[in-house]
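The structure appears right after this line, and notes come after that.
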Amino acid sequence: MTMTLSVPVTHPAEALVLARIPAGVRERAAAVRLMVFDVDGVLTDGSLYYGESGELQKRFNALDGHGLRLLMEGGLKVALMTGRSGPIVARRAAELGIAEVMQGIRDKGAALAELAQRSNVQLNQTGYMGDDVIDLPALQRAGFAASVPNAPGYVSQAAHWVATHTGGNGAVRECCDLLLASQGRLGSFLAAPGLLGPGAIQ
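Per this note's numbering, the sequence shown runs over residues 7 to 208.
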């Protein structure tokens, strides 16, 4: 079936973001109402730092954080889903205002379907960004599947779109910009830089 683009490009920055994006990917991105992100290797570079007392630390990217806030301000639902568990992810999500945080998830495909149903969103209106084997079931079920260039090839080939930036280094922001541009929402933030609400934390 041939998909027809339905969202006009309204700002030069949107044209720049979408310049090399295939029409089919733009259509999938335009349909997304719920976007779910893996954490390790997507929101972070996948590194795990342990202190002398055994405490775990992770590095997040401020550009990614701002992109997530833009998604939510643009009307999309955002969730985090990770196979690991710990307070760091919950803290980062709280800083960004992300209420839906799913930790310790082993079957991400089933969890994605359940989250979509609970959010009253169809799977073809759901996006997922992941980078490893555990993410494959979710990538295969999502209407818009995204990955990172440093993911194993057998994972990234399951994605409709692969970022040019690596995980933890702007890949999530690149995905957020793509979603917003595909939906004609990115230009409004650029035309009115103060549109993001007060108290925004990157």
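The beta-carbon is built from N, C-alpha and C at its ideal position, and this holds for glycine as well.
Item to complete: Just list the beta strand (DSSP E) runs in the stretch 27-83, keeping only unbroken ones of 3 residues or longer that don't cross its boundaries, in chain order.
Response: 40-43
Worksheet item: Sorted by chain position, which residues of the same chain lie with C-beta nearer than 7 angstroms to L192's C-beta, five sequence neighbours on each side aside?
Response: By 1-based counting over the sequence shown, the position of residue 192 is 186. Correct list, in chain order: H17, A19, E20, V23, D183 and L186.
Fill in: Inter-residue spacing [alpha-carbon to alpha-carbon] between K64 and I27
Taking the sequence shown and counting its residues from 1, one reaches residue 64 at position 58. Taking the sequence shown and counting its residues from 1, one reaches residue 27 at position 21. The straight-line gap from Cα to Cα measures roughly 31 angstroms.
Discussion item. Just to confirm my understanding: we take A165, look at its own chain, exclude 5 residues before and 5 after, and list those with CB closer than 7 angstroms. What are they?
Written reply: If you number the sequence shown from 1, residue 165 lands on position 159. Taken in chain order, the residues that qualify are L145, A151, A152 and S153.
Worksheet item: Expressed to the nearest angstrom, what Euclidean distance is found between the alpha-carbon atoms of E101 and A29?
Response: One-based indexing of the sequence shown puts residue 101 at position 95. One-based indexing of the sequence shown puts residue 29 at position 23. If you take the alpha carbons of E101 and A29, they lie about 35 angstroms apart.
Discussion item. Let me make sure I understand the geometry here. Which of M78, N130, Q128 and R112 has the alpha-carbon closest to that of E106?
Written reply: If you number the sequence shown from 1, residue 106 lands on position 100. The option with the nearest alpha carbon to E106 is M78.
Item to complete: Just the C-alpha distance for R34 and W167, rounded to the nearest angstrom, thanks.
Response: Translated into positions along the sequence shown, residue 34 becomes position 28. Translated into positions along the sequence shown, residue 167 becomes position 161. Rounded to the nearest angstrom, the two C-alpha atoms are 10 angstroms apart.
Worksheet item: Helix, strand or coil: how does DSSP classify A119 here?
Response: Indexing the sequence shown from 1 puts residue 119 at position 113. Looking at A119 - three-state DSSP - the assignment turns out to be helix.
Item to complete: Can you tell me which of R90, L40, E120 and G115 puts its alpha carbon nearest to the alpha carbon of K83?
Response: Reading the sequence shown from its first residue, position 77 is the one you call residue 83. Of the candidates R90, L40, E120 and G115, the one whose C-alpha sits nearest the C-alpha of K83 is L40.
Item to complete: Using beta-carbon positions only, say whether V31 and D137 come within less than 7 angstroms of one another.
Response: The sequence position of residue 31 within the sequence shown is 25, counting from 1. The sequence position of residue 137 within the sequence shown is 131, counting from 1. Cβ atoms of V31 and D137: not closer than 7 angstroms.
Fill in: Collapsed DSSP secondary structure at A85 in the structure displayed
Translated into the one-based positions of the sequence shown, residue 85 becomes position 79. Note: A85 maps to strand in three-state DSSP.
Worksheet item: If we call anything under 7 angstroms between Cβ atoms a contact, is R147 one with L118?
Response: Numbered from its first residue, the sequence shown carries residue 147 at position 141. Numbered from its first residue, the sequence shown carries residue 118 at position 112. Their beta carbons are under 7 angstroms apart, which means R147 touches L118 by this criterion.
Discussion item. Short of 6 angstroms in beta carbon distance, which residues of its chain neighbour G174, apart from the five on each side in sequence? Order them along the chain.
Written reply: As a first step, residue 174 must be located in the sequence shown, where it is residue number 168. Excluding residues within five positions, the ones whose Cβ falls inside 6 angstroms are T50, D51 and N67.
Worksheet item: Going along the chain, which residues of its own chain have a beta-carbon closer than 8 angstroms to the beta-carbon of A209, five neighbours each way excluded?
Response: The structure shown does not extend to residue 209, since the chain is modelled only from 7 through 208, so no value can be given for it.
Worksheet entry | Cβ-Cβ distance between D46 and D141 below 7 angstroms | Here residue 46 corresponds to residue number 40 of the sequence shown, with the count starting at 1. Here residue 141 corresponds to residue number 135 of the sequence shown, with the count starting at 1. No. Outside cutoff.
Item to complete: Count the other CB atoms, across all protein chains shown, that sit within 10 Å of the CB of V139; report buried if there are 16 or more and exposed otherwise.
Response: To locate residue 139, count along the sequence shown from 1; it is residue 133. The residue is exposed, with fewer than 16 neighbouring Cβ atoms inside 10 Å.
Worksheet item: Among residues of its own chain, excluding the 5 on either side of L62, which ones have a beta-carbon nearer than 8 angstroms to its beta-carbon?
Response: Residue numbering aside, residue 62 sits at position 56 when the sequence shown is read from its first letter. Answer for L62: L54, Y55, Y56, G92 and I94, listed in chain order.
Discussion item. Which runs of the alpha helix (DSSP H) at least 4 residues long sit entirely within the stretch 148-178? Give them in chain order.
Written reply: 159-162
Fill in: For V107, the residue or residues it bridges with in DSSP
Stepping through the sequence shown from its first residue, residue 107 is reached at position 101. DSSP output for V107 lists L86 as bridge partner(s).
Worksheet entry | N156 and T172 closer than 7 angstroms at C-beta | Residue 156 sits at position 150 when you count from the first residue of the sequence shown. Residue 172 sits at position 166 when you count from the first residue of the sequence shown. It is a contact, given that the beta carbons lie within the stated cut-off.
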